[in-house]
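Under our numbering, residue 122 is the last one in the sequence shown; the count climbs by one each step, no gaps.
Notes for the one structure printed next.
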Amino acid sequence: MEEKLKEYEKLKQELKKSLQEKTQLEDEYDKLLQEVYNKETEYLSNSTGSKGTFSGNIVKGFDGFAKPHGHDSNGAFHNSDRIFSLSSAIYIKQQESQNHNHGQD
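Next up, the structure:
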């Protein structure tokens, strides 16, 4: 009986350690997803020329680069332009959850 108790305690400690590692990895993953989102925002925001006109990017193309007025003259981008940060279903659910929770405050 004592051996089974020792085995149980050993497994319990291994489970605790594994859960801590899982939590740490999830936190690191969340940070990476946020970094991708931030970098993507920066990239899409920098597609605006010095006069506020769309100059182009790899997502929408470079039509506006050579023309004085691009196809999106205000330089705004939309969430549908995000091809990297929106590729993670987990990240999308987290953002929706955060937006929903902020709406209740």
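C-beta: ideal position from N, C-alpha, C; glycine also.
*Applying the criterion that 16 or more other CB atoms from any shown protein chain within 10 Å of the CB defines a buried residue, is Leu28 buried or exposed?*
By the 10 Å Cβ count, Leu28 comes out exposed.
_Status (buried if at least 16 other CB within 10 Å, exposed otherwise) for Leu61_ = Looking at its Cβ environment, which holds 16 or more other Cβ atoms inside 10 Å, Leu61 is buried.
*Helix, strand or coil: how does DSSP classify His95 here?*
Note: His95 maps to coil in three-state DSSP.
*Indicate the three-state DSSP secondary structure (helix, strand or coil) for Ile107 in the structure shown.*
Three-state DSSP puts Ile107 in a helix.
_Euclidean distance between Cα positions of Glu57 and Tyr25_ = Between Glu57 and Tyr25, the C-alpha separation is close to 47 Å.
*Give every residue of the same chain whose Cβ lies closer than 7 Å to the Cβ of Gln139, excluding the five residues on either side of it in the sequence, and list them in chain order.*
This structure gives no information on residue 139, because the portion of the chain shown stretches from 18 to 122.
_According to DSSP, simplified to helix, strand and coil, what is Asn63?_
Coil at Asn63, not helix or strand.
*asked:* Here's the rule: buried if 16 or more other CB atoms are within 10 angstroms of the residue's CB, otherwise exposed. What is Tyr108?
replied: Tyr108 sits buried, since 16 or more C-beta atoms from the chains shown fall within 10 Å of its C-beta.
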